[in-house]
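Just so we're aligned: 146 in full-length UniProt numbering is position 146 of the sequence shown, and the numbers increase by one with no gaps anywhere.
Heads up, the thing below is written out as structure tokens.
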Amino acid sequence: MHTLVIARYAEELEWIAQVPSNFEIFVYNKGEEITSPQVLERANHIIARPNVGRESETYLHHMMGQRQRDHHFTVFAQGDPFTHSPDFIQLLNNWTDWEKIQTLSWAWVEEKNVPPQKFLDAYRPKLRGGPRVREEYFSLYTWGPVDFIDNGALGMGTVYRLLNGGMEAYINIAAHMLRRCRMDHIADEADKHLLGTFSYGAIFAVRNDLVTAVSPDSYARLYDFATAPVVAHGYILERMWLHFFGAPFTLRRL
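Right, dumping it as structure tokens:
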């Protein structure tokens, strides 16, 4: 059976009644008590968590306790996945089409033109009538996208550099962060490349054997990183999830 992990704060969760029956649902609740009969009936587990670390704390808490080493999937999502992934339920139904590390979002907010609408329109023919899903590329050095300006993302990259002693502009942010978390083998690959890929809203699926392959020490360090009182850390993690489990970096350095 597959697993759906939901990081919930105050979102309404009645939508989980539409989740396919072959998904076991874990709701990690950082908000008010859940009383909805629909949610209580469909959720297999409702677990209270402290309101720290945004969705990253929730995801890592679950990953650290995961023991399955099979080829089923665990999906990670926020309490309202539809802002970033309007076809989320359809994507869950199509799990047989997934890669072992699977992006499950479409945009940050399509109505806010992030990414630019022209890019989304140009991508639609590639979907061949299927659910909306696409990955986004980002610079491992600036943290921004490669083909449009996202001042928020660029700002997070700048903040990370400042918080780490004013890192020189030539230092690869991804490689630096990975080495902090004792993921040196992935950091070495990051250092050889210029671009990474991510899923907006930190909505993605990964095969269980890849989740359990990450060392307990790295998970502990990632957890400390996620729960530190630094807003930028959540945005750094959002762009790195796929790579923690082996998604390749892109565009090798010359």
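Where is the CB? At the ideal position from N, CA and C, for every residue including glycine.
Which residues bound the alpha helix (DSSP H) around residue i?
i    : result
S56  : R54 to G65
F244 : W241 to F244
Q38  : P37 to R42
Measuring straight from C-alpha to C-alpha, what distance separates residue i and residue j?
i           : j    : result
Y160        : D184 : 19 angstroms
W143        : L210 : 25 angstroms
R8          : A190 : 31 angstroms
F225        : V214 : 16 angstroms
E32         : H72  : 31 angstroms
A247        : R239 : 12 angstroms
Q18         : H2   : 15 angstroms
E55         : L237 : 10 angstroms
E11         : F26  : 15 angstroms
F204        : H84  : 11 angstroms
N208        : D121 : 33 angstroms
L242        : H45  : 25 angstroms
C181        : A153 : 21 angstroms
A254        : K192 : Reading off the sequence shown, one finds Leu at residue 254, where the question assumed Ala. If you take the alpha carbons of L254 and K192, they lie about 9 angstroms apart.
N94         : L40  : 25 angstroms
L127        : A107 : 14 angstroms
N51         : D70  : 31 angstroms
P116        : E14  : 31 angstroms
A202        : G53  : 13 angstroms
G196        : L140 : 6 angstroms
P86         : L162 : 36 angstroms
residue 266 : T35  : Absent from the structure is residue 266, since the part of the chain shown begins at 1 and ends at 254.
T158        : M177 : 14 angstroms
V230        : E110 : 27 angstroms
Q78         : I6   : 5 angstroms
Q68         : Y235 : 28 angstroms
Quickly, what does DSSP pair residue i with across the bridge? List them, please.
i    : result
A48  : N29
F249 : Its beta-bridge partners do not exist; DSSP assigns none.
E24  : T3
If you follow the beta strand (DSSP E) that residue i is in, where does it begin and where does it stop?
i    : result
F198 : H193 to F198
V5   : H2 to R8
I think residue i touches residue j, with their Cβ atoms under 8 angstroms apart; what is that distance to the nearest whole Å?
i    : j    : result
T250 : Y123 : About 17 angstroms; that fails the 8 angstroms criterion.
P131 : Q102 : Between Q102 and P131 the Cβ distance is about 12 angstroms, and since that is not below 8 angstroms, they are no contact.
T74  : V206 : 6 angstroms
L222 : L104 : With a Cβ gap of about 20 angstroms, L222 and L104 do not count as contacting.
R49  : K30  : 5 angstroms
Query raised in the report: Where in the segment 73-151 do unbroken runs of the alpha helix (DSSP H), each at least 4 residues long, occur, reported from the N-terminal end onward?
Result: Along the segment 73-151, the alpha helix (DSSP H) occurs as fully enclosed runs of 4 or more residues at 88-93 and 117-127, listed in sequence order.
Query raised in the report: Which residue spans inside the segment 168-241 form an unbroken alpha helix (DSSP H) run of at least 4?
Result: Counting whole runs of 4 or more residues, the segment 168-241 contains the alpha helix (DSSP H) stretches 173-180, 184-191, 208-213, 216-227 and 231-238.
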